[in-house]
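Here the structure comes first, spelled out in structure tokens, and everything after it is commentary.
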Amino acid sequence: MAQLVRVKSVATTESSVLRMKISEAADASGCHLETIRYYERIGLLPRPGRSGNGYRVYGPADIERLRFIARGRDLGFSLEEVRSLLQLAGDEELSCGDVDRLARSHLTDVRARMADLQRMASELERVIASCHGGQRAECTILSTLRQPASVEATRQ
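Each residue of the sequence shown is one higher than the last, beginning at 1 in UniProt numbering.
Structural data, given as structure tokens:
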């Protein structure tokens with residue numbers, strides 16, 4: 001005996017895939033719900049449409065944009081730099097050279113931060129190596145932290 005099977009129409013299936021609630025958009029993009037709302041508030045993500053019951057609805061372009069923002073943040077770009085990259089990505093008149101300049105500038109900043117971190121690590125190693133235990137009053141780590149930064153910088 002044949003069974004009747006109810007099948008959703010293709011239009012319904014495509015519609016449900018193309019329009020997502022915020023929780024689904026969060027899952028699809030890897031962004032937290034509050035992060036998505038924040039990106040909307042600051043204008044990185046356009047305000048979404050609303051469903052009949054008032055829920056935010058997101059489409060594939062929104063998910064792509066959220067992934068773009070998240071990847072930019074993963075690479076250390078500030079939100080303003082990500083905003084610039086989004087503008088560059090959307091402007092067909094600009095060349096890849098414009099994007100390249102922004103990325104190179106960011107790389108220079110990253111390398112400078114790395115040098116600062118290396119300096120801090122070296123200083124911490126020096127301070128830790130000077131610690132010989134004993135009483136807290138004699139702790140070289142604590143006495144180093146009590147000194148102005150300029151005093152420590154001149155020791156290097």
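Glycine residues also receive a C-beta, built at the ideal position from the N, C-alpha and C atoms. Owing to the predicted nature of the structure, the values given are computational and were not obtained by experimental measurement.
Q: Could you pull out every residue in the same chain whose Cβ sits closer than 7 Å to the Cβ of aspartate 98, ignoring the five residues on either side in sequence?
A: Numbered from its first residue, the sequence shown carries residue 98 at position 98. Once the five neighbours on either side are set aside, the close Cβ partners of aspartate 98 are Leu88.
Q. What residues match up with methionine 20 in a beta bridge as DSSP calls it?
A. By 1-based counting over the sequence shown, the position of residue 20 is 20. Tyr58.
**Q.** Under 8 Å between C-beta atoms of leucine 45 and aspartate 27
**A.** If you number the sequence shown from 1, residue 45 lands on position 45. If you number the sequence shown from 1, residue 27 lands on position 27. Leucine 45 places its beta carbon 8 Å or farther from that of aspartate 27.
Q.
Using only CA atoms, which one of Asp116, Gly133, Glu123 and Ile22 lies nearest to glycine 54?
A. Here residue 54 is taken as the residue at index 54 of the sequence shown, counted from 1. Comparing Cα-Cα distances from glycine 54 to each of Asp116, Gly133, Glu123 and Ile22, the minimum goes to Ile22.
Q: Could you check if proline 48 is buried or exposed, using at least 16 other CB atoms within 10 Å of its CB as the buried criterion?
A: On the sequence shown, residue 48 is found 48 positions in, with the first residue counted as 1. Note on proline 48: 16 or more other CB atoms within 10 angstroms of its CB, so buried under the neighbour-count rule.
Q) Taking three-plus beta-carbon pairs below 8 Å as touching, is the stretch 102-114 in contact with the stretch 123-141? A) Taking a contact to require three or more Cβ pairs closer than 8 Å, the stretch 102-114 and the stretch 123-141 do not qualify as touching.
Q.
On a Cα-Cα basis, can you pick out the residue from Leu66, Met20, Leu85 and Ile42 that is closest to valine 57?
A. Residue numbering aside, residue 57 sits at position 57 when the sequence shown is read from its first letter. Nearest of Leu66, Met20, Leu85 and Ile42 to valine 57, Cα basis: Met20.
(Q) Please state the DSSP three-state secondary structure of residue 157. (A) Limits of the chain in this structure are 1 at one end and 156 at the other, which puts residue 157 out of reach.
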